[in-house]
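**Q** This is the structure, below, for whatever I ask next.
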Amino acid sequence: MKNKFYITTPIYYPSDNLHIGHAYTTVIADALARYHRQIGDDTYFLTGTDEHGQKIQRRAEAAGKTPQQFVDEIVSGIRDLWDLLQISNDDFIRTTESRHEERVQRIFQRLYDQGDIYKSEYEGLYCTPCETFWLERQVVDGKCPDCGREVEKVKEESYFFKLSKYADRLLAHIEAHPEFIQPVSRKNEMINNFIKPGLEDLCVSRTTFSWGIKVPFDPKHVVYVWLDALTNYITALGYPDEPDLFNRYWPADAHLVGKEIVRFHTIIWPIILMALDLPLPKQVYGHGWLVLDGGKMSKSKGNVVDPVVLVDKYGVDAIRYYLLREVPFGADGTYSEDALILRINTDLANDLGNLLHRSLSMIEKFAGGIVPTPHNYEELDEALIQEAKTALAKVMGHMEKLETSDAVSAIFSLVGKANKYIDEAAPWALNKQGKKERLATVLYTMAEVIRITSVLLVPFLVETPERIWQQLGLSGKPTDQLLTEATQWGQFPAGTKVRKGAPIFPRIEVEKEEKTEKKTDQAAPARAEKDETKAEITIDEFAKIDLRVAQVLAAEKVEGADKLLRLTVKLGGEERQIVAGIAKYYSPAELIGKEIVVVANLKPVKLRGVLSQGMLLAASQGDKLAVLTPDRSVGDGAQVR
Ligand code: MSP
744 MKNKFYITTP IYYPSDNLHI GHAYTTVIAD ALARYHRQIG DDTYFLTGTD
794 EHGQKIQRRA EAAGKTPQQF VDEIVSGIRD LWDLLQISND DFIRTTESRH
844 EERVQRIFQR LYDQGDIYKS EYEGLYCTPC ETFWLERQVV DGKCPDCGRE
894 VEKVKEESYF FKLSKYADRL LAHIEAHPEF IQPVSRKNEM INNFIKPGLE
944 DLCVSRTTFS WGIKVPFDPK HVVYVWLDAL TNYITALGYP DEPDLFNRYW
994 PADAHLVGKE IVRFHTIIWP IILMALDLPL PKQVYGHGWL VLDGGKMSKS
1044 KGNVVDPVVL VDKYGVDAIR YYLLREVPFG ADGTYSEDAL ILRINTDLAN
1094 DLGNLLHRSL SMIEKFAGGI VPTPHNYEEL DEALIQEAKT ALAKVMGHME
1144 KLETSDAVSA IFSLVGKANK YIDEAAPWAL NKQGKKERLA TVLYTMAEVI
1194 RITSVLLVPF LVETPERIWQ QLGLSGKPTD QLLTEATQWG QFPAGTKVRK
1244 GAPIFPRIEV EKEEKTEKKT DQAAPARAEK DETKAEITID EFAKIDLRVA
1294 QVLAAEKVEG ADKLLRLTVK LGGEERQIVA GIAKYYSPAE LIGKEIVVVA
1344 NLKPVKLRGV LSQGMLLAAS QGDKLAVLTP DRSVGDGAQV R
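So in this note's numbering the end of the sequence shown lands on 1384, straight run, no missing numbers.
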């Protein structure tokens, strides 16, 4: 029996073109959908646009267009953007489509008929950009607590939805299903800030503007835009009149939403579903924001980053990779083009691209371009085969928890291990020594680990896996088999002729950047001598350093080097080895279990022949040295900023 998997993104306001922050949500949802297809789940992935409401009506008026003309143009750009990013959604729902409007009217009518909606008068505050009602006690100095903009006073006849009637049931559900709101911090926020202080009935219709779905029995009212929008997750499946898709996919397995709209999805939405007697979504995941220099991206601040420009400049997979990898899911992350370029150059060009390129070059040079038949696997090969299995297990574990960043990082840890394998197996030396059988095994192992890597990358990157596959000379596609089948070791057909092409990710050369760095380097010694501080750097330069919390799993002295300790640390999804010159100050036992701070993106080096994948931070003065640790536990992988 196949499992089913129904995943949604929020439906986006077509009030402006979308930016990289919106692309972030959609790319993550896409990776999850692709992953579930790859493991054989009956998957359905929905996205769309939230087109009604006062905000859109005002924007259209300002642009001198009818609301419909206005949204049609922007929605067409949104569809183009998703095509560009190769988003694999099964449906795209627009709330202005009649299939949606009619179903919303039926739902509204039913809630009214059963007494869950009643007529009264609303007097209170409203934030139009967020389309949110606020109580006096919730606003901060007359401003919306979510977006910080002025709220407006509104007084109008309205229909109300009895949220209060369902508050206890909702609380009981949230408490009985700890997985319902993720991450857990958001669950506590919902309970303590919104549910426990008391839920007021919600105003669900407006009369002071007309751009919305008409209340069927009282057409001077339009349905409140959030009620209209939230129901898209079921109207798109045909609820209530065409139940086939609905019965097949509801309840949603994951609603992916930004942190500021978790509240709508974990309070209003479940209560609508309870009132309709429908099962609740299994999980609402509130992710963090992609911010720019400390602030959220927004058109009004003039600091938006256009994903179309970035895809044109760097390619779809580079952008997808960056979005999926850079920010640990749930946390906020800072976008910078420097960090993007760094990711492309280090992970994609240096690590992955180079793994493929050097492997194919060696297969060409030492085996005439034909992948040889392997002989006996030795310990070194077995260790890499085991790493490939571990990477698969980690990817699956993380994807179950929606942790795309950790999943991608587990794949790149395998890439790192494969590069290290080549260094250690040294095919060039085997060739020189005429060790033909051993050489054949090593070359085969290289080709096979790359094949498996390309299969693991399928949910995340949309062009690269196939390009790797082509260069490997393989027939078929990396998407042809299920994940667990395709990653079984030994399927690479020996005798295949490889087809080395251009590097899959050319390095991005940033001349201007390098020049600035050089200048800084030259200036540094003079200043440093004078006041022992270093030359000034920009925040972007600082942002290139990926500081992370890691947990020490094991520590031991490095033989023959009395200053060095070899630490095995856990960092996000992976284990790393770090060599540190602290043996004089710390015994290995003192360090085990500690959370420490490491530079995670430092180019690996060998110290006394031992590989060090990063550097730990320590403060020192005179003969004192102290390893830096966070003053309370934050978990490995946490960013240090
Ligand atoms: N229309 C509502 C959602 C209705 S769902 C039933 C809405 N639309 S939105 O266009 O403003 O935002 C859509 C999603 O984009 C939200 O989840 C929001 O968090 C996300 N993002 C908008 N800016 C973002 C960043 N800068 N970073 C990450 N996500 C961002 O809210």
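Using N, Cα and C, we set each Cβ at its ideal position, and we do this for glycine too.
1) Here's a check: name, in chain order, each residue in its chain whose Cβ is nearer than 8 Å to the Cβ of K1300, leaving out the five neighbours to either side.
2) By the DSSP assignment, the beta strand (DSSP E) with W969 in it spans what residues?
3) Keeping to the same chain, check which residues put their C-beta closer than 6 Å to that of A1297; ignore five residues upstream and five downstream.
4) So, with DSSP's three-state summary, where would you put G1303?
5) Which residues in the same chain have their Cβ closer than 7 Å to the Cβ of A1190, if we skip the five residues on either side of it in sequence?
6) What residue from S1197, G981 and F1203 has the CA that sits closest to G1219's CA?
7) DSSP on A1082, reduced to helix/strand/coil?
8) Based on the DSSP secondary-structure assignment, which residues constitute the bridge partners of R1319?
9) At what residues does the beta strand (DSSP E) containing E1069 begin and finish?
10) Heavy atom of the ligand MSP less than 7 Å from the Cβ of P1071, yes or no?
11) Is there at least one non-hydrogen atom of the ligand MSP closer than 7 Å to the beta-carbon of A972?
12) Checking 8 Å against the spacing of the C-beta atoms, do E1388 and T839 come in under that value?
13) Identify, in the order they occur along the chain, each residue of the same chain with its Cβ nearer than 7 Å to the Cβ of V882, setting aside the five sequence neighbours on each side.
14) Find out if the Cβ-Cβ distance for the pair R949, Y967 is shorter than 8 Å.
15) Mapping DSSP to helix, strand and coil, what is G783?
16) Using three-state DSSP, classify V1034 as helix, strand or coil.
17) Would you tell me roughly how many angstroms separate the C-alpha atoms of G1111 and A1169, rounded to the nearest one?
18) So the candidates are L970, G1233 and A766; which of them puts its Cα closest to the Cα of I1187?
19) From the DSSP output, read off the bridge partner residues of S863.
20) By how many angstroms is the C-alpha of K1056 removed from the C-alpha of T1259?
21) When DSSP labels each residue in this structure, what does V1292 get in the three-state scheme?
22) Whole angstroms is fine: what's the gap from F903's alpha carbon to Q1294's?
23) I'd like to know if the region 1045-1056 and the region 1015-1025 are in contact, where contact means that at least 3 CB-CB pairs between them fall below 8 Å.
24) When every heavy atom of the ligand MSP is checked, does at least one fall within less than 7 Å of the C-beta of D933?
25) Quick one: complete alpha helix (DSSP H) runs, 4+ long, within the region 1209-1264?
26) If contact is defined by three or more beta carbon pairs under 8 Å, each pair taking one atom from either stretch, is the region 1241-1248 in contact with the region 1080-1094?
27) Taking only beta-carbon atoms, is I977 less than 8 Å away from chain C?
28) What residues in its chain sit with their C-beta under 6 Å from that of A1362, if we drop five residues either side in the sequence?
29) Please return the same chain residues whose Cβ sits closer than 6 Å to the Cβ of L1095, not counting the five positions on each side in sequence.
30) Which residue marks the beginning of the beta strand (DSSP E) containing W877, and which one marks its end?
31) Does the region 744-756 touch the region 782-799, meaning 3 or more C-beta pairs lie closer than 8 Å?
32) Please tell me whether, using a cut-off of 7 Å, the distance from the CB of H843 to the nearest non-hydrogen atom of the ligand MSP is below it.
33) Can you list the beta strand (DSSP E) stretches of 3 or more residues lying completely in the region 792-861, in chain order?
**A** Quick look at the numbers:
1) Taken in chain order, the residues that qualify are L1307, L1308, R1309, A1326 and P1331.
2) Taken as a continuous stretch (DSSP letters only), W969 belongs to no beta strand (DSSP E), being part of the alpha helix (DSSP H) at V968 to L973.
3) Scanning its chain for C-beta atoms nearer than 6 Å, with the 5 sequence neighbours on each side dropped, one finds around A1297 the residues T1311, in chain order.
4) In the three-state DSSP reduction, G1303 falls in the coil class, being neither helix nor strand.
5) Taken in chain order, the residues that qualify are S1102, I1106, V1114, L1215 and F1235.
6) The candidate whose alpha carbon is nearest that of G1219 is S1197.
7) Shown here, A1082 sits in a helix according to DSSP, grouped into three states.
8) In the DSSP output, where bridge partners are listed per residue, R1319 has V1312.
9) Premise fails: E1069 lies in the alpha helix (DSSP H), V1059 to E1069, not in any beta strand (DSSP E).
10) P1071: no, Cβ never under 7 Å from the ligand MSP.
11) Indeed, a heavy atom of the ligand MSP lies less than 7 Å from the Cβ.
12) The first residue shown for the chain is 744 and the last is 1384, placing residue 1388 beyond what the model contains.
13) Cβ-Cβ distances below 7 Å link V882 to L868, P888 and V894 in the same chain, with the five nearest sequence neighbours on each side left out; the list follows chain order.
14) Yes. Within cutoff.
15) Three-state result, G783: coil.
16) Here V1034 sits in strand by DSSP.
17) Rounded to the nearest whole angstrom, the C-alpha separation of G1111 and A1169 is 18 Å.
18) Reading off the sequence shown, one finds Tyr at residue 1187, where the question assumed Ile. The residue from L970, G1233 and A766 with its alpha-carbon nearest to that of Y1187 is G1233.
19) Beta-bridge annotation (DSSP): S863 is paired with S901.
20) The predicted position of T1259 is uncertain, since its pLDDT is 32 and thus under 50; no value can be drawn from it.
21) Taken through DSSP and simplified to helix, strand or coil, V1292 comes out as strand.
22) Taking the straight line from one Cα to the other gives about 51 Å.
23) No, the region 1045-1056 is not in contact with the region 1015-1025.
24) The question names Asp, but residue 933 is Met in the sequence shown. Every heavy atom of the ligand MSP is 7 Å or more from the Cβ of M933, so no.
25) The alpha helix (DSSP H) runs of length 4 or more contained entirely in the region 1209-1264 are, from start to end of the chain, 1226-1229.
26) Segments in contact, yes.
27) No chain C appears in this structure, which consists of one protein chain only.
28) So the list reads A1369, once near-sequence residues are dropped.
29) Excluding residues within five positions, the ones whose Cβ falls inside 6 Å are V1158.
30) If you look at W877, you'll find it in the beta strand (DSSP E) that goes T875 to W877.
31) Yes, since at least three Cβ pairs between the region 782-799 and the region 744-756 fall closer than 8 Å, the two stretches touch.
32) Incorrect: H843 has no Cβ contact closer than 7 Å to the ligand MSP.
33) Runs of the beta strand (DSSP E) inside the region 792-861: 834-837.
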